[in-house]
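S.K.: First the structure, then my questions, so here it is.
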Amino acid sequence: MARAVLPLTVLALCLAALVFSSRAGADAAAGRKMVGVYELKKGDFSIRVTNWGATLMSVVLPDSNGNLGDVVLGYDTVAEYVNGTAYFGGLIGRVANRVANARFTLDGKTYRLFRNDGNNSLHGGHRGFSKVVWTVREHVGGGASPCITLFYHSFDGEQGFPGDLDVYVTYELRSPYVLAVRMNATARGKATPVNLAHHAYWNLGGHGSGTVLDETVQLFASRYTPVDAALIPTGRLAPFYTGNGLAGVRGKDGRVYGRYGALCLETQGFPDAVNHPSFPSQIVRPGQVYEHNMVFRFSFF
């Protein structure tokens, strides 16, 4: 996708996160556990997903001149996702972001998590949801509503988290040029923190086309959670923030992704909420369902 033509004027994201309900999640028939790559296609709009980490590998669509381009950063092969450290396109959990000192107390019991970021637990630990094989429960590659649904059962004690957790994510293509990502998780047996996030890196000029510094994002938020030197929230809420951390990662088509090479919209609950009683709770009780929905709408002019 040529950098001279900015293809998309708006990436609109609608978030309806952290909706709890008492309904139980139905357990669908056993699906496929082999690692593969699955395509969804609707006209000239397509995505690729792998069940390794429920990862979004590509999003291809036309620019205002009809030229096709891939607007998410990533790798060419599943093996590179297995070995990668950038979390490109992955489904992050059981708890996104950092848990301070890799521990928390819930209902009077202290739980110790796997430390993979200094003294902290990051993105669910060294083997979080983006580093496991998911089961493909449904795959409709084309037609009116192309979609793929993936399932993962997280066992009691995995990476130190309490309780069994059934997790689903569905990617769906809608008209015109809309990608919906729907996540939900049901706690089984014990209360547990749940804070899922989708970790796609977006560059509307095409992956590897340079920085995103000439692109504009509007966030309907007035405050953020400042962090300390270890990137743990201080507990304060402050007016706005921006930053970036990519540096020299080799990705698809041999492109090297540099600093400011993408925008990552990690919509999620408050980081480290389990250790901040003043933050909105991320605890899901047995039988409750956590829901987190994202909608990406692409338009042109």
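Residues -16 to -1, 1 to 285 in mature numbering (1 follows the signal peptide of the UniProt record, and there is no 0) are what the sequence shown spells out, letter by letter. The beta carbon of each residue, even a glycine, is placed where N, CA and C say it ideally should be.
Quick one: measure Cβ to Cβ for His107 and Phe98, integer angstroms, because I've assumed they're closer than 8 Å.
M.R.: The pair is not a contact, with the Cβ atoms about 11 Å apart (cut-off 8 Å).
S.K.: So, with DSSP's three-state summary, where would you put Ala171?
M.R.: Here Ala171 sits in strand by DSSP.
S.K.: If Ala84 and Asn100 are in contact, beta carbons under 8 Å, what's the gap, nearest whole angstrom?
M.R.: That belief does not hold up - the Cβ atoms of Ala84 and Asn100 are roughly 13 Å apart, past 8 Å.
S.K.: Go ahead and pull the three-state DSSP assignment for Asp237.
M.R.: helix
S.K.: If you draw a straight line from the alpha carbon of Val165 to that of Pro210, how long is it in whole angstroms?
M.R.: 27 Å
S.K.: Hey, out of Tyr208, Ser283, Gly189 and Ala205, whose CA is closest to Glu199's CA?
M.R.: Gly189
S.K.: What residue from Met278, Phe88, Asn49 and Leu45 has the CA that sits closest to Ile267's CA?
M.R.: Phe88
S.K.: Counting pairs of beta carbons, one from the region 243 to 260 and one from the region 179 to 186, are three or more of them closer than 8 Å?
M.R.: Enough Cβ pairs lie closer than 8 Å, so yes.
S.K.: Would you check if the region 142 to 151 and the region 232 to 244 touch, i.e. whether three or more CB-CB distances between them fall below 8 Å?
M.R.: With the rule of 3 Cβ pairs closer than 8 Å, the region 232 to 244 does not count as touching the region 142 to 151.
S.K.: Among Arg96, Thr195, Val279 and Leu134, which has the Cα closest to the Cα of Ala231?
M.R.: Thr195
S.K.: Go through its chain and collect everything with a Cβ distance to Tyr244's Cβ below 8 Å, but skip five positions before and after it.
M.R.: Thr195, Val196, Leu197, Asn228 and Leu230
S.K.: Assuming Leu40 and Val56 are in contact, meaning their beta carbons sit under 8 Å apart, how far apart are those beta carbons, in whole angstroms?
M.R.: 6 Å
S.K.: Report buried or exposed for Asp54, applying the criterion of at least 16 other Cβ atoms within 10 angstroms of its Cβ.
M.R.: buried
S.K.: So, is Arg269 buried or exposed, given that buried needs 16 or more other C-beta atoms within 10 angstroms?
M.R.: exposed
S.K.: In the DSSP assignment, the beta strand (DSSP E) including Glu156 goes from what residue to what residue?
M.R.: Asp148 to Arg158
S.K.: Leaving out five residues on either side along the sequence, give the residues of the same chain with a beta carbon under 8 Å from the beta carbon of Gly125.
M.R.: Tyr22, Glu23, Leu24 and Lys25
S.K.: Could you check the C-alpha separation between Pro130 and Arg220 for me, to the nearest Å?
M.R.: If you take the alpha carbons of Pro130 and Arg220, they lie about 42 Å apart.
S.K.: According to DSSP, is Ala84 part of a helix, a strand, or is it coil?
M.R.: helix
S.K.: Mapping the DSSP letters down to three states, classify Lys17 as helix, strand or coil.
M.R.: Residue state, collapsed to three classes: coil.
S.K.: Can we say the region 156 to 173 touches the region 59 to 73, given the rule of at least three CB pairs closer than 8 Å?
M.R.: Counting C-beta pairs closer than 8 Å gives fewer than three between the region 156 to 173 and the region 59 to 73, which falls short of the contact rule.
S.K.: What do you reckon, are the CB atoms on Val151 and Ala169 nearer than 7 Å?
M.R.: yes
S.K.: To which residues of the same chain is Ala38 closer than 8 Å at the C-beta, ignoring the five residues directly before and after it?
M.R.: Gly74, Leu75, Phe113, Ser114, Trp118, Leu134, Tyr136 and Val153
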